[in-house]
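Enquirer:
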Amino acid sequence: FVNIKLIMDTKPQQSNEILIEDRLYDITGFKHPGGSIMKFYQGSGDATEAFNEFHARSTKANKMLRALPNRAAPHTEGQTAETERLQKLSREYAKFRRELEIEGWFKPSISHSVYRSLEIIFIFALAVFLLTVNAKMFFLPAAMLAGIGTGRSGWWMHEGGHVSITGNFKVDHRLQEFFFGVGSAMSASWWRVQHNKHHCAPQKLQHDVDLDTLPLVAFNSRIVEKAKKNKFIKFWIPLQNYLFGPVTCFFVATFWQIYLHPRHMNRAKRYNEMFCVALRYLLTFVIGKYLIGASIGAIIGFHFLSVAFGGSYIFTNFALSHTHLPVLDKDKHAHWTEYGADYTIDITPHWFTNWWMGYLNYQIEHHLFPCMPQYRFVKLAPRVRAFFKANGLKYDCRDYFAAMHDTFSNLKEVGEFVSAP
1 FVNIKLIMDT
11 KPQQSNEILI
21 EDRLYDITGF
31 KHPGGSIMKF
41 YQGSGDATEA
51 FNEFHARSTK
61 ANKMLRALPN
71 RAAPHTEGQT
81 AETERLQKLS
91 REYAKFRREL
101 EIEGWFKPSI
111 SHSVYRSLEI
121 IFIFALAVFL
131 LTVNAKMFFL
141 PAAMLAGIGT
151 GRSGWWMHEG
161 GHVSITGNFK
171 VDHRLQEFFF
181 GVGSAMSASW
191 WRVQHNKHHC
201 APQKLQHDVD
211 LDTLPLVAFN
221 SRIVEKAKKN
231 KFIKFWIPLQ
241 NYLFGPVTCF
251 FVATFWQIYL
261 HPRHMNRAKR
271 YNEMFCVALR
281 YLLTFVIGKY
291 LIGASIGAII
301 GFHFLSVAFG
311 GSYIFTNFAL
321 SHTHLPVLDK
331 DKHAHWTEYG
341 ADYTIDITPH
351 WFTNWWMGYL
361 NYQIEHHLFP
371 CMPQYRFVKL
381 APRVRAFFKA
391 NGLKYDCRDY
401 FAAMHDTFSN
411 LKEVGEFVSA
421 P
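Just so we're aligned: 195 in the numbering used here is position 195 of the sequence shown, and the numbers increase by one with no gaps anywhere.
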């Protein structure tokens, strides 16, 4: 007689299954609330750390997971040294995370959250104040301040997307919608879906959406290899190291504001986000027209100038931690901790750098523990460095200006690749 159960238990992971904590879950027909990110782990790879980190504050996610058809993952005798190494790394990482959780590292700080929120409001208010004093004299400084406010709204909404402002999903997502909508005129839900893909597979080809940047920028020659004969790319990409900060970032931010994000909000019926974005434009018009007495042309000009400053501020700083690093082939996997070690860098801690980058100069720590309040990374970094050393992982921390040099040198090198015959 054939033991059907035994056959099923020893059958390797199938294309409709994902592996989480030594169990294979059949996700046929399952619609993931967070988008298509599960496809990254279908048929191969281990989604354990990704699932646990993104759903650490959710009891609903675990209930939904357990309700799916599942079976024990087959174990083969004589495991390879690499398999044993990865299993040991998972155990050590889980132990480290449990220690941090017991010690309270994942608990949000209400006082810090209030400070970060009020800071953004103050920056925008200061920009308005300068315009009321002398709109002509302070037009440029006020636009720069509004751009910084837009960028810092982006840093702060990032925490809301990771549920590290209050620790409550609904509250943090509403706060994210408010600050990203009113502060940056963009869609929080669009960002969440895209950004989580980046977190699951940073620098992985056809997985990390932050690599899908053509035609305006290419961070790696493999991204642009098949498109280098395109006339626009042939013209634009060789100039990208000059255009990225002042021009490309503005184009991307404007495209997001006037097309990509409105389209998503309309399709997904995100009415809360529509309201927040509309409030941003209404406040801009009312303050400009009735408080400052500016013309429609001046209001529009001020808006786009602030978008240029804001886009350059946040996109350039985001680029420092990943874009110049190697990429991973689409059919290969890395351990959760190795994504942080090999495809992410930290920027040397300094009080101003910490503030300027919204604590996301600690990208290694953030990729390990995405739902941890980011201000805690300042004190956590030495322990992560020790954990990496104990487990044979690289801890790459670079000076801010060295990382800036690496980023723009990489843009230049990719541009030279495109211009070469």
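For glycine and all other residues, C-beta sits at the position ideal for the given N, C-alpha and C. Quantities reported herein were computed from a predicted structural model and do not represent experimental measurements.
Using a Cβ-Cβ cut-off of 8 Å (strictly less than) and excluding sequence neighbours within five positions of Q42, which residues of its own chain qualify?
Expert: S15, N16, E17, I18, I27, listed in sequence order.
Enquirer: For M137, count the other beta carbons within 10 Å of its own beta carbon; 16 or more makes it buried, fewer makes it exposed. Which is it?
Expert: Exposed, by the Cβ-count rule.
Enquirer: Compare the C-alpha of L100 against each of R383, N317, T407, A402 and name the closest.
Expert: Ranking the options by Cα distance to L100, first place goes to R383.
Enquirer: Let me know the secondary structure DSSP gives K11 once reduced to three states.
Expert: DSSP places K11 in coil when its eight states are reduced to three.
Enquirer: Taking G311 as the reference, which of Y115, A72, S153, E49 has the closest Cα?
Expert: For the residues Y115, A72, S153, E49, the minimum Cα distance to G311 belongs to S153.
Enquirer: Less than 7 Å between the C-beta atoms of I445 and G149, yes or no?
Expert: In the structure displayed, the chain extends from 1 to 421; residue 445 sits before or after that span and is not available.
Enquirer: Spatial neighbours of N410 within its chain, please: CB distance less than 6 Å, with the 5 preceding and 5 following residues excluded, ordered by chain position.
Expert: Excluding sequence neighbours, N410 sits near H324.
Enquirer: Taking the continuous beta strand (DSSP E) assigned at Y25, which residues delimit it?
Expert: That run of the beta strand (DSSP E) goes 23 to 26.
Enquirer: Spatial neighbours of W351 within its chain, please: CB distance less than 8 Å, with the 5 preceding and 5 following residues excluded, ordered by chain position.
Expert: Result list for W351: empty, nothing under 8 Å.
Enquirer: Report, in whole angstroms, the separation of the C-beta atoms of F250 and A308, which I expect to be a contact under 8 Å.
Expert: The Cβ separation is near 4 Å, so the contact holds.
Enquirer: So the beta strand (DSSP E) L19 belongs to, where does it begin and stop?
Expert: Looking at the DSSP string, the run of the beta strand (DSSP E) that includes L19 is 17 to 20.
Enquirer: By the three-class DSSP mapping on this structure, what secondary structure does D346 have?
Expert: In the structure shown, D346 sits in a strand (DSSP, three-state: E or B).
Enquirer: Whose C-beta lies closer than 6 Å to the C-beta of S221 among residues of the same chain, with five residues either side of it excluded?
Expert: Answer for S221: V414, F417, listed in chain order.
Enquirer: May I ask you to report which of helix, strand or coil DSSP gives Y395?
Expert: If DSSP states are grouped into helix, strand and coil, Y395 belongs with coil.
Enquirer: In this structure, how does DSSP classify Y271 when only helix, strand and coil are distinguished?
Expert: If DSSP states are grouped into helix, strand and coil, Y271 belongs with the helices.
Enquirer: To the nearest angstrom, report how far apart A298 and M157 are at their CA atoms.
Expert: Roughly 28 Å between the two C-alpha positions.
Enquirer: Whose C-alpha, out of A61, S113, G45, R91, is nearest the C-alpha of A73?
Expert: It is G45.
Enquirer: Evaluate contact between the region 206 to 217 and the region 177 to 189, counting only Cβ atoms and requiring at least three cross-stretch pairs below 8 Å.
Expert: Segments in contact, no.
Enquirer: Give every residue of the same chain whose Cβ lies closer than 6 Å to the Cβ of V193, excluding the five residues on either side of it in the sequence, and list them in chain order.
Expert: Closer than 6 Å at Cβ, skipping near neighbours: G35.
Enquirer: In chain order, what residues of the same chain lie with their CB nearer than 7 Å to the CB of L6, ignoring the 5 residues before and after it?
Expert: Because the pLDDT of L6 is 46, which lies under 50, any placement of that residue in the model is unreliable, and the number read from its coordinates should be weighed accordingly. None.
Enquirer: Tell me whether the beta-carbon of G151 lies closer than 7 Å to the beta-carbon of Q176.
Expert: Their beta carbons are not under 7 Å apart, which means G151 does not touch Q176 by this criterion.
Enquirer: How many angstroms separate the CA atom of S419 from the CA atom of F244?
Expert: Roughly 17 Å between the two C-alpha positions.
Enquirer: Check the DSSP bridge columns for R222 and list the partner residues they point to.
Expert: DSSP output for R222 lists no bridge partner at all.
Enquirer: Counting only runs of 3+ residues fully inside the region 46 to 133, write out the beta strand (DSSP E) ranges in chain order.
Expert: Qualifying beta strand (DSSP E) stretches, in chain order: 70 to 72.
Enquirer: What's the gap between the Cα of Y400 and the Cα of T348?
Expert: Approximately 6 Å between the Cα atoms of the pair.
Enquirer: Do you know how far the Cα of L24 is from the Cα of T10?
Expert: Near 11 Å, if we compare the C-alpha coordinates of L24 and T10.
Enquirer: Helix or strand or just coil, what does DSSP make of K204?
Expert: DSSP places K204 in strand when its eight states are reduced to three.
Enquirer: Considering just the uninterrupted stretch of the alpha helix (DSSP H) at K234, what are its terminal residues?
Expert: First-last of the alpha helix (DSSP H) with K234: 231 to 236.
Enquirer: What three-state label does DSSP hand L243 in the structure shown?
Expert: Three-state result, L243: helix.
Enquirer: With a 10 Å radius around its C-beta and 16 neighbouring C-beta atoms as the bar for buried, classify K197 as buried or exposed.
Expert: Buried.
Enquirer: Could you have a look at Y426 and say whether DSSP puts it in helix, strand or coil?
Expert: In the structure displayed, the chain extends from 1 to 421; residue 426 sits before or after that span and is not available.
Enquirer: Going by alpha carbons, who is nearest to C397 out of L305, Q206, Y343?
Expert: Nearest C-alpha to C397: Y343.
Enquirer: Could you please give the first and the last residue of the uninterrupted alpha helix (DSSP H) stretch that includes Q363?
Expert: From DSSP, the alpha helix (DSSP H) with Q363 extends over 363 to 368.
Enquirer: Of all the options V133, F106, N134, G147, which has the alpha carbon lying nearest to the alpha carbon of I123?
Expert: Selected option, being the one with the closest Cα: G147.
Enquirer: Rounded to whole angstroms, what's the CA-CA distance from L368 to T337? Just pull it up for me.
Expert: Computed Cα separation, rounded: 6 Å.
Enquirer: Would you kindly report the start and end of the unbroken alpha helix (DSSP H) that includes S306?
Expert: First-last of the alpha helix (DSSP H) with S306: 296 to 319.
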